[in-house]
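Residue numbers (our numbering), protein chains in the order written: chain G, 1 to 367; chain S, 1 to 367; chain X, 1 to 367; chain A, 1 to 367.
By construction, the Cβ of each residue, glycine as well, lies at the ideal position given by its N, Cα and C atoms.
Please read these numbers as outputs of a predicted model, since none were measured by experiment.
Let me begin by presenting the structure, written as structure tokens, before commenting on it.
Number of protein chains: 4
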Amino acid sequence: MPNTFGHVYRATTFGESHGGGVGVVIDGCPPGFQLDLAAVQTWLNRRRPGQSKLSSPRQEKDQVECLSGLDGGVTLGTPLALFVRNEDQRPGDYQDMNTVFRPSHADYTTFAKYGVKSASGGGRASARETIGRVAAAAVAEQILRRELPDFRCVAYVDSVKGVRATIADPTAVTRDVVEANALRCPDATSRQSLEDIITSAQKAGDTVGGTITCVITGVPVGLGEPVFDKLEADLAKAMLSLPASKGFEIGLGFAATELFGSEHNDAFTVKDGTVRTVTNRSGGTQGGISNGEPIYFRVAFKPVSTIFKEQDTVDAQGRPVKLKPKAGRHDPCVLPRAVPMVEAMAILVIMDHWLRQEMLNRFSQKS
Amino acid sequence: MPNTFGHVYRATTFGESHGGGVGVVIDGCPPGFQLDLAAVQTWLNRRRPGQSKLSSPRQEKDQVECLSGLDGGVTLGTPLALFVRNEDQRPGDYQDMNTVFRPSHADYTTFAKYGVKSASGGGRASARETIGRVAAAAVAEQILRRELPDFRCVAYVDSVKGVRATIADPTAVTRDVVEANALRCPDATSRQSLEDIITSAQKAGDTVGGTITCVITGVPVGLGEPVFDKLEADLAKAMLSLPASKGFEIGLGFAATELFGSEHNDAFTVKDGTVRTVTNRSGGTQGGISNGEPIYFRVAFKPVSTIFKEQDTVDAQGRPVKLKPKAGRHDPCVLPRAVPMVEAMAILVIMDHWLRQEMLNRFSQKS
Amino acid sequence: MPNTFGHVYRATTFGESHGGGVGVVIDGCPPGFQLDLAAVQTWLNRRRPGQSKLSSPRQEKDQVECLSGLDGGVTLGTPLALFVRNEDQRPGDYQDMNTVFRPSHADYTTFAKYGVKSASGGGRASARETIGRVAAAAVAEQILRRELPDFRCVAYVDSVKGVRATIADPTAVTRDVVEANALRCPDATSRQSLEDIITSAQKAGDTVGGTITCVITGVPVGLGEPVFDKLEADLAKAMLSLPASKGFEIGLGFAATELFGSEHNDAFTVKDGTVRTVTNRSGGTQGGISNGEPIYFRVAFKPVSTIFKEQDTVDAQGRPVKLKPKAGRHDPCVLPRAVPMVEAMAILVIMDHWLRQEMLNRFSQKS
Amino acid sequence: MPNTFGHVYRATTFGESHGGGVGVVIDGCPPGFQLDLAAVQTWLNRRRPGQSKLSSPRQEKDQVECLSGLDGGVTLGTPLALFVRNEDQRPGDYQDMNTVFRPSHADYTTFAKYGVKSASGGGRASARETIGRVAAAAVAEQILRRELPDFRCVAYVDSVKGVRATIADPTAVTRDVVEANALRCPDATSRQSLEDIITSAQKAGDTVGGTITCVITGVPVGLGEPVFDKLEADLAKAMLSLPASKGFEIGLGFAATELFGSEHNDAFTVKDGTVRTVTNRSGGTQGGISNGEPIYFRVAFKPVSTIFKEQDTVDAQGRPVKLKPKAGRHDPCVLPRAVPMVEAMAILVIMDHWLRQEMLNRFSQKS
């Protein structure tokens with residue numbers, strides 16, 4: 001079960017960075033939807049490395065193939081299997097990392113957990129594993145947008161190494177604006193300086209982290225299942241399951257802790273016959289259930305662990321080793337490529353909770 | 001399933017703040033353990049309101065009863081049902097809140113989700129629901145401490161309304177020190193000023209929030225199940241499932257985003273024949289798996305929503321209403337009572353992952 | 001999870017025959033239903049021992065208490081906890097069985113599995129455990145009958161020790177007819193001779209088994225989830241999870257294996273605009289999905305293991321022992337009391353699959 | 001979840017008879033096992049059609065490919081994805097069946113459930129879907145046999161159209177004997193007459209059913225998880241999830257209902273220091289838990305629905321239709337090919353419960 005996400009729309013991912021390929025089986029995809037596989041491919045292209053100088057030069061076409069679940073392009077309600085073959089495998093690049101534990105990587109813990117030497121190139125800890133997540137989300141997004149015409153999920157780079165972009169209205173950022181630049185940051189003013197932080201770190205053989213903001217609009221009221229499957233709880237889990245993520249906050253998040261209750265509460269009002277909140281400091285949920293306002297949250301990503309500076313570590317025999325990888329194909333900063341991953345996990349959460357609530361609506365809306 | 005937490009040690013909680021009572025059924029409790037029910041009661045007493053001027057004056061004995069799963073005090077491997085009757089119900093206190101949606105409470109979203117008027121006093125959204133969680137964790141802690149003698153889980157109040165306590169070594173804080181003061185803050189120097197923030201807010205009919213740090217030591221290497229059930233992912237979900245929580249960060253968390261990779265990486269070394277890290281910026285996990293170092297994380301709690309100032313809101317018919325509750329039995333600050341809740345959820349996560357890994361150890365340690 | 005049944009309507013049972021009590025937590029009960037607790041009590045009374053000379057003289061009032069999930073008698077969508085206290089505990093009756101393994105009981109396997117001496121009186125292996133199942137089904141039946149007015153689930157004793165009753169039209173048997181006699185057999189002609197088989201076995205200190213037929217009508221087409229959660233697969237699991245059950249067959253079952261395909265196939269026809277089958281040898285499902293015809297199946301129950309004749313066995317130290325229990329409070333035949341248990345498990349399966357299909361209907365019926 | 005089987009060793013199957021292919025993702029495969037993919041292929045060959053005149057002439061190589069989860073042939077503890085491409089697709093063969101509902105097939109119920117016209121050739125209702133199950137079981141069997149050297153699981157054809165084979169000692173039947181003949185029946189005396197029943201039915205354009213017996217030896221005591229996941233309950237579900245199965249009985253099964261308790265009980269004894277039963281009428285489980293004796297059960301398979309005689313049915317528009325398929329590629333009797341399917345599902349059940357019990361053994365065997 002550790003490789004399955006969701007309760008009704010269930011995505012089970014498989015595949016390592018350097019085996020036959022990576023993919024996902026989606027159990028619980030609703031039947032009767034004409035699927036646009038080209039749109040799934042577009043999503044995978046967004047996630048792919050080699051798109052700009054800001055990301056790893058590893059070249060993979062990441063061509064998606066649908067192995068099952070469609071007839072004439074229409075979902076059957078049976079498991080949808082989506083698969084991407086690995087192509088650009090160069091295990092030689094990683095060979096000398098095999099016997100030593102790379103600091104702050106999953107090498108050591110994976111070995112200690114499974115008793116098997118970590119597969120070359122990171123195995124399931126590689127960002128390549130997220131292909132299955134992105135493919136499952138690309139399918140979900142199509143269905144959500146047909147059923148909930150106002151549904152939008154847009155993430156963007158919000159800060160790099162502590163320097164924040166300035167976004168006047170996060171709910172107004174569109175995916176087109178985000179995709180129009182390599183950094184995936186909608187702030188035209190600060191963008192160049194943020195990029196410079198990344199490229200100068202890269203030149204120094206170093207890496208940087210930052211934060212990503214995600215805004216989800218058009219979500220109906222009522223999504224989220226207390227007491228454990230609260231919407232923010234599942235979003236938090238989804239985000240902390242991404243490689244390199246270290247923190248999550250919804251609404252004002254940690255900043256909310258600095259306010260009085262009278263400053264933080266969102267007053268209710270009625271607009272066009274609908275209950276709304278005047279402010280949205282809560283971030284779109286109350287008591288773990290969506291309230292119809294935009295959902296927004298922020299995710300912290302640490303600096304990439306693979307650096308090209310000498311580091312102290314040990315090998316599998318417990319001997320001290322100096323590690324300095326040859327320049328490989330690693331991202332100097334995970335942020336630009338993490339943007340579609342954040343969106344993907346958010347969409348999987350919303351899709352699953354929307355389907356769960358559709359069943360409840362059968363009862364709650366009958367009177 | 002929304003009321004069940006865990007995959008192997010599964011706690012299913014039930015009960016509302018103002019029905020017959022609250023409790024938990026634990027499926028997957030290992031057999032053969034002599035259970036100390038008095039220790040479970042001690043845990044419940046820590047969570048209980050009415051312990052100091054810093055918490056709600058609501059008086060409940062919270063006397064735990066074991067309904068099943070024990071024979072002669074020994075766990076049978078069958079479901080362990082723990083139950084606490086509600087006693088101090090005064091629905092009258094809440095009556096005039098019934099027809100209006102309290103700002104930033106779960107009233108509106110609960111009504112919109114289930115189509116049923118929220119039970120008086122908050123229903124499942126009440127902090128009283130956490131009794132089942134705490135009872136399940138009290139059992140788990142006993143078992144963990146017998147099997148892992150160095151296991152400790154200690155949480156404490158880390159900041160109030162943006163003012164941080166100073167804790168030289170978080171891993172050295174003991175539960176005895178935390179429990180010795182009403183605020184549950186181990187920093188003797190700043191404690192009084194933090195308490196003053198709470199009491200002066202309370203006098204003004206207002207509320208405040210803050211942060212709680214939790215440190216878990218004595219956890220073996222190998223806990224956590226990539227790719228979705230990473231240890232930090234399940235901890236994040238656990239924390240965001242608590243009432244009033246808005247953020248989670250592990251290790252350096254959001255602060256990690258301000259460092260270079262070369263500053264953030266934890267070098268490996270060997271101490272007494274064991275692989276260790278020289279620093280612990282990661283917070284005890286790498287790649288979603290515990291690495292044997294102390295696990296530490298921080299949780300943000302918003303100011304309590306129930307304030308005694310006039311607020312704008314609407315009623316169930318959508319009419320604008322001014323709401324000013326009569327002074328009730330609400331906490332001015334959730335932090336002191338949230339300390340055992342944070343520990344409880346952390347323990348549930350560790351217990352579940354420890355049991356999952358015990359099975360894997362069967363294979364990973366055989367060679 | 002072994003004590004939870006269902007995926008959407010999830011019943012988690014707890015309690016042993018001789019601890020504090022037995023009960024169930026239902027997670028996933030739809031909100032907004034006025035619950036008739038007296039009807040739940042009626043169900044429990046049907047399951048209760050001491051109703052006639054054909055069943056154990058053990059006297060329990062089995063008074064149900066609702067611990068949570070209701071407000072003003074209306075389901076909240078939160079966990080519904082139903083509890084029955086144990087009253088008539090006489091562990092003395094069982095004492096000398098404690099140290100020896102009773103042939104064909106769960107004593108030995110339970111001890112071998114959990115390493116804990118089986119609780120007196122059978123623990124979870126006792127038929128008393130089924131109280132939680134019956135209570136959960138009593139709730140489900142109320143909801144199903146309100147939503148599906150033609151829904152009926154009726155089981156009855158079909159044979160005793162190989163002697164079959166004659167039932168002209170199983171779909172015409174009503175629960176009133178079944179409940180009107182101690183044997184729960186609707187065949188007035190053969191009933192007395194079947195009862196005589198039981199009472200004469202009882203006089204000889206022996207026990208007998210038999211079969212129960214269950215017919216479910218008013219089930220919509222479309223229930224069942226291939227490939228693993230086929231409707232008959234979940235019914236089979238439900239029935240084989242009952243104490244003393246040894247076999248399950250749906251439709252013609254084993255007799256179907258004696259026919260040609262041309263004799264067994266159910267031709268389709270159209271009645272009143274609905275696709276129907278001319279015959280119903282399939283038993284109401286095809287490909288694991290209900291087809292709208294009556295669902296019927298048969299369950300085999302072995303003779304009760306507790307007999308009052310001397311038997312060879314061993315004790316926990318592996319020493320040979322002669323076992324002859326003093327006359328206790330055991331049923332000479334499980335059949336009459338198993339009738340409501342069979343119905344209960346069938347209703348839990350239908351309820352769960354109906355809720356699952358309600359969500360799918362959202363999509364499958366939109367075009 | 002309907003396409004996932006198991007709780008710890010979880011097999012999620014995907015694929016239709018006439019899409020890109022069929023396969024399985026196994027989550028929970030233990031790490032560190034050198035996998036013999038040729039042995040997996042041998043299993044798939046056993047299941048494949050076209051092996052004899054007794055089965056469908058459809059020709060598929062069913063060549064298995066491992067997409068993930070291995071490094072150097074060793075299991076990593078990550079998801080193992082096994083895939084078989086469809087090759088011999090001739091949708092033309094099925095075309096005229098597309099618009100009419102074939103009697104006793106899944107066409108009508110699938111259409112009613114999902115609202116999507118059933119895929120040509122049966123979609124997920126095709127026996128081809130079982131490839132994923134068989135592949136998952138082939139992996140599990142390798143691991144079980146390495147860990148439990150005496151473990152064997154052997155199924156065989158036990159009766160055809162009501163005529164039973166005579167097997168003196170079911171526990172002595174080996175897979176080699178079963179595989180040595182097309183019928184997969186170990187009774188050399190009656191085999192020819194059973195085959196004749198099939199071939200003469202085939203000549204008449206008709207089909208027959210029968211029963212399969214399965215015997216599992218070398219299973220440790222303690223497997224099975226009351227109260228719902230009893231070993232026989234999960235076996236029953238596994239068997240009833242197979243296409244065309246209509247009944248299940250364990251031990252003496254329905255015949256047990258004809259005995260007195262004194263005739264049916266299995267006396268305990270001690271052999272070589274181990275608690276054993278003198279007889280094994282229970283079929284290897286008591287109270288839902290394995291007792292160390294051979295597990296044996298019987299499964300009923302109906303006659304194949306596809307016959308080559310004219311039948312009355314209706315089309316998707318509800319119009320009466322006469323259906324007489326042209327001779328296609330269908331099995332006249334499912335039994336020979338169902339033998340490995342029965343074994344596969346039994347092995348999946350044992351593997352899952354063995355892993356579950358391995359974790360419990362940690363506690364139950366410590367004293």
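Note that the stretch 235 to 246 of chain X touches the stretch 232 to 244 of chain A; at least 3 beta-carbon pairs, one per stretch, sit closer than 8 Å.
The beta carbon of Leu348 (chain G) sits closer than 8 Å to the beta carbons of Phe5, Gly6, Tyr9, Ala11, Arg133, Ala136, Ala137, Ala140 and Ala238 from its chain, once the five residues preceding and following it are set aside; these are given in chain order. In this structure, A:Leu252 is the residue among A:Asp272, A:Leu252 and A:Gly15 with its C-alpha nearest to the C-alpha of Asp266 (chain A).
In this structure, DSSP gives Pro2 (chain X) a state outside helix and strand, which the three-state scheme calls coil. According to the DSSP assignment, Ala255 (chain X) belongs to no beta strand (DSSP E), since it is labelled neither H nor E.
Close partners of Arg124 (chain X) in chain S (Cβ separation under 7 Å): Thr78. A residue is called buried once 16 or more other Cβ atoms fall within 10 Å of its Cβ, and Ala39 (chain S), having fewer, is exposed.
Under the three-state reduction of DSSP, Thr274 (chain G) is assigned to strand. Taking all protein chains shown into account, Gly261 (chain S) has 16 or more neighbouring C-beta atoms within 10 Å of its C-beta and is therefore buried. Below the 7 Å Cβ cutoff, chain A contributes Pro31 and Gly32 as neighbours of Ser364 (chain S), in chain order. Interface residue (Cβ-Cβ distance to chain A less than 8 Å): Ile167 (chain X) is not classified as such.
Taking 8 Å as the CB threshold, Val314 (chain A) lines the interface with chain X.
In this structure, Glu263 (chain S) lies away from Lys161 (chain G), with their beta-carbon atoms at least 8 Å apart.
Not flagged as an interface residue toward chain A: Pro243 (chain G), since no C-beta distance is shorter than 8 Å. By the C-beta criterion, the stretch 71 to 86 of chain S is judged not to be in contact with the stretch 182 to 189 of chain G, since fewer than 3 inter-stretch pairs fall below 8 Å.
A distance below 7 Å between beta-carbons, with the five flanking residues on each side excluded, links Val339 (chain X) to the following residues of its chain, in chain order: Ala155, Tyr156, Val157, Val178, Arg184 and Ile212.
Between the C-alpha atoms of Leu37 (chain X) and Val163 (chain S) there is a straight-line separation of about 52 Å. Among the CB atoms of chain S, one or more fall inside 8 Å of the CB of Met359 (chain A).
Counting along the chain, Leu348 (chain G) sits inside the alpha helix (DSSP H) bounded by residues Leu335 to Ser364.
Contact between Gly69 (chain G) and Val116 (chain A) does not hold, since the beta-carbon distance rounds to 11 Å and is not under 8 Å. Judged by DSSP in its simplified three-state form, Thr269 (chain G) adopts strand.
In summary, Gly72 (chain G) is exposed, with fewer than 16 beta-carbon neighbours lying within 10 Å of its beta-carbon over all protein chains present.
Put simply, the backbone Cα of Met1 (chain X) is about 11 Å away from that of Met1 (chain S).
Beta-bridge pairing by DSSP links Phe14 (chain G) to G:Gly23. Closest in alpha carbon position to Asp150 (chain A), among A:Phe111, A:Arg298 and A:Gly292, is A:Gly292. With fewer than 16 other Cβ atoms from the protein chains shown falling within 10 Å of its own Cβ, Pro320 (chain A) counts as exposed. Within its own chain, the residues whose Cβ lies closer than 6 Å to the Cβ of Arg46 (chain S), once the five positions on either side in sequence are excluded, are Pro340, listed in chain order. Scanning the stretch 153 to 203 of chain A for uninterrupted alpha helix (DSSP H) segments of 4 residues or longer gives 175 to 179 and 191 to 203, listed from N- to C-terminal end. Separation of the CB atoms of Ala255 (chain S) and Val304 (chain S) is rounded to 27 Å, and the pair is thereby denied contact status at 8 Å. Remark: C-beta atoms of Val74 (chain A) and Gly32 (chain A) approach each other more closely than 8 Å.
At a cut-off of 8 Å between beta carbons, Leu67 (chain G) makes no contact with chain X. Taking C-beta atoms as the reference points, Gly224 (chain X) and Gly288 (chain X) count as a pair closer than 8 Å.
The C-alpha of Phe111 (chain X) is placed about 13 Å away from the C-alpha of Val314 (chain X). Among the bridge pairs identified by DSSP, Pro320 (chain G) is matched with G:Val314. Across the set S:Pro220, S:Asp176 and S:Ser193, the C-alpha of S:Asp176 shows the shortest separation from the C-alpha of Thr42 (chain S).
Not a single C-beta of chain S is nearer than 8 Å to the C-beta of Pro186 (chain G).
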